[in-house]
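Line order of the protein sequences matches chains A and B. Quick note, the first sequence lines up with residues 3 to 336 if you use this note's numbering. Quick note, the second sequence lines up with residues 77 to 424 if you use this note's numbering.
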Amino acid sequence: MSEIERILDVRHLKTDFFLENGPVTAVNDVSFHVNKGETFGLIGESGSGKSVTLRSILRLLRKPGKVVGGQIIYKERDLCRLSEQEMRGIRGREIGMIFQEPMTTLNPVQTIGSQIMESFKKSMTKEEKEKRAVELMQLVGIPSAEERLRSYAHQFSGGMRQRAMIAIALASEPSLLLADEPTTALDVTIQDQIIRLLRKLQRDLGMSMILVTHDLGVASEICDRIAVMYGGRIMEQAPAEEIFTHPKHPYTYDLMRSVPSMERKGSELYSIEGTPPSLDNMPAGCPFAPRCELADDRCREDAPELTSVNGEEEHIARCWHIDRLIEQAKYLKV
Amino acid sequence: MADETVLDVRHLSKTFPVSRNIGQVIRREPQQYVRAVEDVSFTIHRGETLGLVGESGCGKSTLSRTIMRLYKPDEGMILFSDYGNLALAQGRQLRKARQRIQMVFQDPYSSLNPKMTVRQMFYEEMSVHHLCTRSEFENRAKEIMSLVGMPADALDRYPSAFSGGQRQRLCIARALIMKPELLIADEPVSALDMSIQAQIINLLDRLRRDMNLTMIFISHGLRVVQYISDHVMVMYLGRIVEMGTTQEIFEHPAHPYTRILTLAAPEIGASHLDEDKPVIRGETPSPIQLPSGCPFHPRCPWAQDICRSVDPELRESPSGHAVRCHYPLAKDVEFVAKDPLDKPLPQN
């Protein structure tokens with residue numbers, strides 16, 4: 003095995019939703035890995051399959067969703083093959099998760115303190131548990147933690163709730179943290195605080211993290227490697243700096259062009275025409291073809307495979323026209 | 077005329093009483109108030125876009141609703157186009173003025189009636205105000221649909237048939253069919269997917285140019301505001317903390333809050349956090365009990381002693397860049413106290 007330890011290896015994951023009109027594929031042949039101590043970003047629009055991927059990993063999918071193919075290797079065990087009993091030992095203990103809406107995921111009738119202490123070892127005494135819970139709350143930056151231990155979720159502001167969520171997720175010292183849009187519901191200043199907090203915690207605790215977001219800016223600030231998803235597939239995957247400076251997939255490139263900025267003021271903003279495809283009506287070829295400027299007949303009929311860009315193993319893109327985009331990117335500054 | 081003023085808001089204040097429980101009433105505890113909007117003054121000229129920025133709870137939505145007179149202001153004047161002072165307007169005058177101020181809301185899923193076709197929705201609005209006959213309506217509706225980039229046959233469909241971006245186009249069409257003089261867009265792109273946001277921003281920008289529309293654009297997304305606005309107003313706890321042209325606000329922010337807001341917005345390609353940039357501490361204090369002195373001082377990295385005791389006035393530079401801070405960060409600009417009575421009232 004190489005020096006870098008892979009903590010999670012997702013191979014050819016396929017998740018279907020079994021609806022009345024037949025199954026639709028929400029996640030299609032998604033493969034990626036997360037190394038120890040790094041942050042992996044999944045970017046995409048709504049319906050691109052990024053949250054479903056995250057939930058598939060923890061087997062938190064509700065019916066009618068089901069993982070129908072692939073492997074999710076966590077520390078040399080395939081999570082898809084574990085029994086529900088074994089899965090419970092991993093979920094929340096070894097793999098923690100934080101969600102977008104802290105108000106709907108915190109228990110409203112249980113104090114924040116007892117929710118943090120829930121996942122502590124049974125052998126700990128009450129005093130030990132409380133001391134540890136206060137430490138955790140201080141770690142995530144909740145002021146006057148001792149008093150707040152007995153507060154309820156409704157007594158917290160949005161930012162504080164998200165901090166409490168993070169404290170709960172950290173309580174069991176997970177080696178992998180899954181974060182589903184953790185800052186989307188927050189104000190910019192609070193978002194900035196939470197991003198810094200996550201980054202600091204991750205560095206101090208040597209934790210790995212998968213961050214799901216639709217915000218290119220957030221992803222750029224915190225992720226080491228990024229995968230861009232569209233229509234249930236990974237369209238491009240590369241180290242964060244590489245993907246933002248040299249995007250090789252038209253979708254990634256178009257997304258970055260459509261972000262408003264001062265330099266583009268006065269000129270019309272680039273916009274991707276049309277809407278993302280619906281899962282029950284996927285185009286036959288490349289899912290992005292109907293909205294792509296470079297699309298030709300081949301794109302519309304034949305779905306491209308993920309191929310490496312310039313022979314670099316780290317940078318892969320799913321497009322027939324990688325070469326043309328490399329040419330184009332030389333002339334256009336993102 | 078280029079400099080025609082469409083909206084002139086002066087010293088507008090709006091407070092809401094905090095509900096008391098029965099015990100508090102019996103104990104005769106004093107009634108407390110939330111100062112949602114406090115002493116806000118600004119003007120917008122025809123064809124301009126004013127960007128309104130601030131965190132949640134800073135009063136930006138209350139301000140826009142008070143301008144539409146969905147709330148009755150406690151103090152101040154709202155001078156709107158030829159319709160006089162809306163703060164005192166009633167009955168017919170208010171109805172006439174409200175036709176000319178239209179709003180687009182954040183969530184296009186909850187702001188369209190699911191049981192009405194697009195045509196019914198448009199017609200209801202037009203007929204309530206007796207704006208046109210049935211035959212005129214058809215042409216107007218088709219015209220407005222093509223203006224927002226929707227096919228004419230969409231008129232007979234229900235909102236459920238459309239995606240988020242298309243719904244927002246319909247919301248914009250519904251606002252524009254009234255030929256408004258002022259369009260208030262309250263977070264119009266925040267709920268949309270990123271590839272759709274650019275489409276809607278472009279649409280609003282194009283409509284504004286083609287129709288010479290005046291717009292108040294409310295958003296917490298600074299990049300969007302920067303792109304679309306001519307002037308920007310930053311609010312904190314119900315008050316204006318800084319106001320100026322887009323360039324002044326984003327390139328030479330004078331108020332610490334503005335500066336921190338511009339820095340806090342995550343940037344693409346920044347590749348990992350800049351650990352040295354100033355960070356805002358804590359959260360917005362409760363608007364019921366404001367901190368002493370400058371309301372921003374508990375979170376301000378540059379706060380001095382005077383900030384804790386003395387509340388700064390809004391001061392203005394010769395170019396109109398206004399800031400409410402004892403120590404504005406734009407060092408080379410001189411800010412002087414604003415004379416509150418420097419503008420004569422329009423004659424009518």
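Glycine included, C-beta positions come from ideal geometry on N, C-alpha and C. Quick caveat: nothing in here was measured; it's all calculated off a predicted structure.
Element boundaries [beta strand (DSSP E), containing residue i]
| i | result |
| --- | --- |
| ILE74/A | 67-76 |
| ASP182/A | 178-182 |
| ARG227/A | 227-232 |
| ILE316/B | 315-321 |
| ARG86/A | Correcting the residue type first, residue 86/A is Glu in the shown sequence and not Arg. Not the beta strand (DSSP E): GLU86/A falls in the alpha helix (DSSP H), residues 86-92. |
| ILE294/B | 290-294 |
Partner residues on chain B for residue i, Cβ-Cβ distance less than 8 Å
| i | result |
| --- | --- |
| LEU271/A | ALA274, ILE277, ASN278, ASP281, TYR303 |
| MET258/A | ILE344 |
| GLY161/A | GLU359 |
| ASP31/A | Going along chain B, no residue has its Cβ under 8 Å from ASP31/A, so there is no contact; the nearest lies around 22 Å. |
DSSP bridge partner residues for residue i (one or two, in chain order)
| i | result |
| --- | --- |
| GLN178/B | LEU259/B |
| THR41/A | MET211/A |
| PHE156/B | LEU83/B |
| PRO25/A | PHE20/A |
| VAL129/B | VAL310/B |
| VAL220/A | According to DSSP, VAL220/A bridges with nothing at all. |
| LEU15/A | VAL32/A |
| ARG111/B | THR91/B |
| GLN239/A | ALA229/A, ILE318/A |
| VAL116/B | LEU88/B |
| THR309/A | ALA319/A |
| ARG391/B | VAL399/B, ALA413/B |
| GLU151/B | SER89/B |
| ASN161/B | LEU155/B |
Chain A residues whose Cβ lies nearer than 8 Å to that of residue i
| i | result |
| --- | --- |
| GLY241/B | THR277 |
| ILE336/B | THR191 |
| HIS429/B | Residue numbering for chain B in the displayed model covers 77 to 424; residue 429/B lies beyond these limits and cannot be assessed. |
| HIS296/B | ASP189, VAL190 |
Under 9 Å by beta carbon: chain A residues contacting residue i
| i | result |
| --- | --- |
| GLU131/B | ASP189, VAL190, THR191, ILE192 |
| ASP183/B | Under the 9 Å cutoff, chain A gives no residues; its nearest Cβ is about 14 Å from ASP183/B. |
Which of helix, strand or coil DSSP assigns to residue i
| i | result |
| --- | --- |
| ASP80/A | strand |
| ASP183/B | coil |
| GLU219/B | helix |
| TYR333/A | In this predicted model, TYR333/A has a pLDDT of only 46, less than 50, meaning its place in the structure is not dependable; the value taken from the coordinates is given anyway. Three-state result, TYR333/A: helix. |
| ASP298/A | coil |
| ARG8/A | strand |
| PHE122/A | coil |
| ARG357/B | coil |
| ALA406/B | coil |
| GLY241/B | helix |
| VAL261/A | coil |
| GLU212/B | helix |
| GLY98/A | strand |
| HIS121/B | strand |
| GLU303/A | helix |
| ARG326/A | helix |
| LYS202/A | helix |
| ILE364/B | coil |
| MET77/B | Model confidence at MET77/B stands at a pLDDT of 45, short of 50, so the residue's coordinates are unreliable; what they give is reported in the following sentence. Reduced to three states, the DSSP call for MET77/B is coil. |
Residue range of the alpha helix (DSSP H) that includes residue i
| i | result |
| --- | --- |
| ASP381/B | 381-385 |
| THR106/A | 104-107 |
| ILE277/B | 270-287 |
| GLY287/A | GLY287/A -> no alpha helix (DSSP H), and no H or E assigned at all. |
| ARG165/A | 160-172 |
| ARG141/B | 136-143 |
Neighbouring residues, chain A, relative to residue i (Cβ below 7 Å)
| i | result |
| --- | --- |
| VAL300/B | PRO262 |
| MET309/B | Ordered by position in chain A, no residue passes the 7 Å Cβ test against MET309/B, which lies about 16 Å from the chain. |
Residues that residue i contacts on chain B, provided the C-beta gap is smaller than 9 Å
| i | result |
| --- | --- |
| ASP217/A | MET270, PRO342 |
| SER48/A | GLY240, ASP269 |
Does the structure place the segment 317-334 of chain B close enough to the segment 148-156 of chain B that three or more beta carbon pairs sit under 8 Å?
no
Take every Cβ of the segment 234-254 of chain A, pair it with every Cβ of the segment 315-327 of chain A, and state whether three or more of those distances are shorter than 8 Å.
yes
Is the segment 247-259 of chain B touching the segment 210-225 of chain B in the sense that three or more CB pairs, one from each, lie closer than 8 Å?
yes
Across the segment 137-150 of chain A and the segment 179-194 of chain A, are there enough close Cβ pairs to call them in contact, namely three or more that are closer than 8 Å?
no
Is it the case that the segment 242-260 of chain A contacts the segment 199-212 of chain A, given that we only count it when at least three CB pairs across the two stretches are under 8 Å?
The segment 199-212 of chain A vs the segment 242-260 of chain A: no contact.
Are at least three pairs of beta-carbons, each pair with one atom in the segment 177-184 of chain B and one in the segment 223-230 of chain B, less than 8 Å apart?
no
Hey, is the segment 71-88 of chain A in contact with the segment 45-53 of chain A, meaning 3+ C-beta pairs nearer than 8 Å?
no
Specify whether the segment 294-303 of chain A and the segment 370-385 of chain B touch according to this definition: at least 3 beta carbon pairs, one from each stretch, less than 8 Å apart.
no
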